[in-house]
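Asker: Protein sequences appear in the order of chains Y and W. The letter at position 376 of the first sequence is residue 376 when you use the UniProt record's numbering, and the numbering goes up by one with no holes. The letter at position 291 of the second sequence is residue 291 when you use the UniProt record's numbering, and the numbering goes up by one with no holes.
Protein chains: 2
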Amino acid sequence: MDSMVTCIAPVNIAVIKYWGKRDEKLILPLNDSVSGTLSTDQMHAKTTVMRCKDFTEDKIWLNGKEVSFSNPRLLSCMKEIRRLSRESGTSEDIVNTKVHICSENNFPTAAGLASSAAGYACLVFALKELFGVKQDITRVARLGSGSACRSIYGGFVRWHKGDLADGSDSIATQIAPPSHWPLHVFILVVNDKQKKIGSTPGMQRTALTSELVQYRIKESVPKRIEDIIQAVKERNFDKFAEITMKDSNQFHAVCLDTYPPNIYMNDISHEITSFVHTYNELFPKPKVAYTFDAGPNACIYLEEESVPDFAATLQYIFPPEETLESYFKGESVQFGTVNEGLRTYPQQSPGLLKYIIHTKIGDGPKRLDSSEDHLLTLSGVPVKNGP
Amino acid sequence: MDSMVTCIAPVNIAVIKYWGKRDEKLILPLNDSVSGTLSTDQMHAKTTVMRCKDFTEDKIWLNGKEVSFSNPRLLSCMKEIRRLSRESGTSEDIVNTKVHICSENNFPTAAGLASSAAGYACLVFALKELFGVKQDITRVARLGSGSACRSIYGGFVRWHKGDLADGSDSIATQIAPPSHWPLHVFILVVNDKQKKIGSTPGMQRTALTSELVQYRIKESVPKRIEDIIQAVKERNFDKFAEITMKDSNQFHAVCLDTYPPNIYMNDISHEITSFVHTYNELFPKPKVAYTFDAGPNACIYLEEESVPDFAATLQYIFPPEETLESYFKGESVQFGTVNEGLRTYPQQSPGLLKYIIHTKIGDGPKRLDSSEDHLLTLSGVPVKNGP
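1) Give me the chain Y residues within the contact set of Asp257(W), using Cβ-Cβ distance strictly less than 7 Å, ordered along the chain.
2) I'd like the span of the beta strand (DSSP E) that includes Cys7(W), first residue to last.
3) Gly330(Y) bridges to which residues according to DSSP?
4) Return the first residue and the last residue of the beta strand (DSSP E) that Lys65(Y) is part of.
5) For Lys246(W), go through chain Y and note every residue whose CB falls closer than 9 Å to its CB, in chain order.
6) I'd like the span of the beta strand (DSSP E) that includes His44(W), first residue to last.
7) As a quick exercise: from Ala253(W), Ser39(W), Ser35(W), pick the residue whose alpha carbon is nearest that of Glu331(W).
8) How about Arg216(W): is its C-beta nearer than 8 Å to some C-beta of chain Y?
9) In or out: Leu352(W) buried (at least 16 other Cβ within 10 Å) or exposed?
10) I'd like to know if Asn266(Y) contacts chain W, where contact means its C-beta is closer than 8 Å to some C-beta of that chain.
11) Could you give the distance in angstroms between the alpha-carbon of Pro350(Y) and the alpha-carbon of Ile268(Y)?
12) Examine the Cβ distances between the segment 183-195 of chain W and the segment 298-313 of chain W and report whether three or more of them are shorter than 8 Å.
13) Using a Cβ cut-off of 9 Å, pull out every chain Y residue sitting near Ser115(W), in sequence order please.
14) I'd like to know whether the C-beta atoms of Val185(W) and Thr313(W) end up nearer to each other than 8 Å.
15) Could you name the residues of the same chain whose beta carbon sits closer than 8 Å to that of Ala176(Y), not counting the 5 residues immediately before and after it, in chain order?
16) Would you tell me roughly how many angstroms separate the C-alpha atoms of Trp181(W) and Gly36(W), rounded to the nearest one?
17) Could you give the distance in angstroms between the alpha-carbon of Ile27(Y) and the alpha-carbon of Lys193(Y)?
18) Leaving out five residues on either side along the sequence, give the residues of the same chain with a beta carbon under 8 Å from the beta carbon of Asp169(Y).
19) For Asp373(W), which residues in the same chain have their Cβ closer than 6 Å to its Cβ, ignoring the five residues on either side in sequence?
20) Helix, strand or coil: how does DSSP classify Ala148(Y) here?
21) With a Cβ-Cβ cutoff of 8 Å, do Leu376(W) and Cys102(W) count as a contact?
22) Within a Cβ cutoff of 6 Å, which residues of the same chain sit near Val276(W), ignoring the five residues on either side of it in sequence?
23) Label Gly202(W) either buried or exposed according to how many other C-beta atoms from any shown protein chain fall within 10 Å of its C-beta, with 16 as the threshold for buried.
24) Span of the beta strand (DSSP E) holding Lys366(Y)?
25) Whole angstroms is fine: what's the gap from Ser145(Y)'s alpha carbon to Asp227(Y)'s?
26) Taking Lys218(W) as the reference, give the member of Asp32(W), Asp23(W), Phe283(W) with the closest Cα.
27) Within the continuous beta strand (DSSP E) that includes Gln174(W), where are the two ends?
28) Given that a residue counts as buried once 16 or more other Cβ atoms are within 10 Å of its Cβ, and exposed if not, what is Pro72(W)?
29) Any beta-carbon of chain Y closer than 8 Å to the one on Glu226(W)?
30) Measuring CA to CA, which of Tyr264(W), Thr56(W), Ile357(W), Glu325(W) is closest to Lys195(W)?
31) May I ask you to report which of helix, strand or coil DSSP gives His100(W)?
32) State the start and end residues of the unbroken beta strand (DSSP E) segment that holds Lys195(W).
33) Anything in chain Y within Cβ reach of Thr273(W), meaning under 9 Å, just list it in chain order.
34) What's the call for Asn96(W), buried or exposed, on a 16-neighbour Cβ count within 10 Å?
35) Roughly how many angstroms lie between the CA atoms of Gln42(W) and Pro284(W), to the nearest whole one?
36) Work out the CA separation of Ala207(Y) and Thr200(Y) for me, nearest whole Å.
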């Protein structure tokens, strides 16, 4: 076992949403969820973990800045990794060695793009390598940030809510690898001034006050989980799209049914949904699907063949404030033709969207083997100084 | 019986919302609803109905312009009034006489302020007088526009969904007269460019596609109806406020759970809800309650004693684009002091609200006895030409 390990891990975007916990401490969800894992080529968390018998305490640097190790979720992950390491037969002196951790995201944390999911998935995956853990680690990632467990696998992933009180059956499993259905994804980053309500207090409030969330959990989600898994397995895009959009809407509906309400989507978000529905109505079956997490940014799933025309139409209706070149980031886009049916649709003011990230379904976390990738020096301090 | 009758009828604002029909033709709702009737001093529909044996056909003028009489809802009301008139013992020659109708609102129809409810209540109330109808007419008003049945009474009114297939038990009844609890009402007219989805197609789509609306109808509404009736009877404002706000949010939640979603509230609407919750948190119990119909405008219920300080704080946080004098319409407002707790709340850009109508709970429809009030001349044509 190496004493220094560096990994990257992906962001994931739920298509059946997780919202509400049955256990706050163990981060056990009220319902199953399903997500797509996004390629680490465009967005990833990167983490270096190092153990050294000379270290006197566990330390962590996030985006270049040392922060306290006393975060209960971080401590909970560390404790569990050490326990699993011991169970996996790793020697006691390795298990007890202190660690230094350095982690950063290659995308803005503030953008509300599931940064904590990628971050904890990366941390736990790297620690697994460092401590020779052989068991399922999705349970451990879950202890850091619920949806982090879904970033442990590539492709399409299901997080099972589990039934046991200790949470040991609340794990993530892969539905299909990325090669099965390499859908494309556009992330539409909305220009927004509003401060959003954090996910943890937001979901606590929903679980406590929404009457509709009970129906969602018991009736809507279980059926949708089965249906979307089948849609993924069959690569049935229109079925996938309809369930994805309905579930996003229902998630925001229960947020609105919360008291006081949790409002995450804004007028720009609703402009996007209206545009997507109008676009889809031009075809016999839906071509694109929106989904919104706890923020105003849209995540659009679409098949590769739909990318050129949709991209052209999107930039026509939502024009950039500046140049088209800086508007689309990530994978290159071949622009097709603006769909004629949208020519009469009202063009929006330039700049409603900050930028668009073009990415696709990709792999799970991976180790980077080159020493140049490490974020810590051999003496265990960050290679780069903080910002 | 006079051969010309002129009446005015009030607008009503639901606190437990009606959304979705179990019968489109008879306009039978999926759930009971409760509303407050607003004073006709500020907003009303006014209708003159006239019968004359010389008239060769039924005719109608709306806001000064003749429109077709072939509207099925209008025909349905006329047919039912003539049937009830016959049952009430009115002579057959009167029953069969053709009518001329002239109707107008003293507030903008386009503002989305329940104009059809006031209009049909006024029409049916005036026809009742003209044709000597003695039975319940809320059922007839319902045939014109569902919520019109609630505008037949003053104070607080319940519309019973009824269980019979013919709709004969789907009537409105008064919970309490206006003197029992003369609550004040501010209508915040939002500056908005969006075109809203009409109520009829909007509620059809919700009934067809929302999974959550089933739960709302079966579980949430029946309990809320009982609770809010008790709150009205006890004049328990904080209980009334909480149920009102929760039900408005839940109504918009099921609209969002509709596919494609019905979006009626906008960013300004949500700014208002956020402001109201922040305002209420400064007191041990809620002082004001918002509710939103199928549009972005807020309707705020509050007790008389809360008016001065709330008005001062409201105009401080949502400043007028022009002068304060033209900002508040309707009943005069004595401005109190801006609540200190809101001094740090972000002041909004001037002009988010077009204007604010100050009104209160008031009486049901009434006859105007002066001949100057008639909208038709003695020969049965509008007094005023159309716009």
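Ideal Cβ placement from N, Cα and C applies to all residues, glycine included. None of the values given here were measured: they were computed from a predicted structure.
Answerer: According to the data block:
1) Among the residues of chain Y, those whose CB is under 7 Å from the CB of Asp257(W) are Asn249, Gln250, Ala253, following chain order.
2) Unbroken beta strand (DSSP E) run through Cys7(W): 4-10.
3) His358(Y)
4) 65-67
5) Thr209, Glu211, Asp257, Tyr259
6) 44-51
7) Ser39(W)
8) Chain Y, which has a Cβ nearer than 8 Å to the Cβ of Arg216(W), makes this yes.
9) buried
10) Cβ-Cβ to chain W under 8 Å: yes for Asn266(Y).
11) Spanning the two alpha carbons is a distance of roughly 12 Å.
12) yes
13) Residues of chain Y passing the Cβ test: none, with the nearest at roughly 25 Å.
14) The criterion of a C-beta distance shorter than 8 Å is not satisfied by Val185(W) and Thr313(W).
15) Gly155, Phe156, Val232, Lys233
16) 10 Å
17) 30 Å
18) His160, Gly162, Asp163
19) Cβ neighbours of Asp373(W) beyond the five flanking positions: Thr6.
20) helix
21) Going by beta carbons, Leu376(W) and Cys102(W) fall inside the 8 Å limit.
22) Val288, Tyr290
23) buried
24) 366-368 is the span of the beta strand (DSSP E), which, as asked, contains Lys366(Y).
25) One C-alpha to the other measures close to 26 Å.
26) Asp32(W)
27) The continuous beta strand (DSSP E) containing Gln174(W) extends over residues 172-176.
28) exposed
29) Output row for Glu226(W): interface = no.
30) Tyr264(W)
31) strand
32) Lys195(W) -> no beta strand (DSSP E), and no H or E assigned at all.
33) Pro260, Pro261, Ile263
34) Exposed, since its Cβ has fewer than 16 Cβ neighbours within 10 Å.
35) Cα to Cα, the separation comes out at about 32 Å.
36) Distance between Thr200(Y) and Ala207(Y), taken at the CA atoms: about 11 Å.
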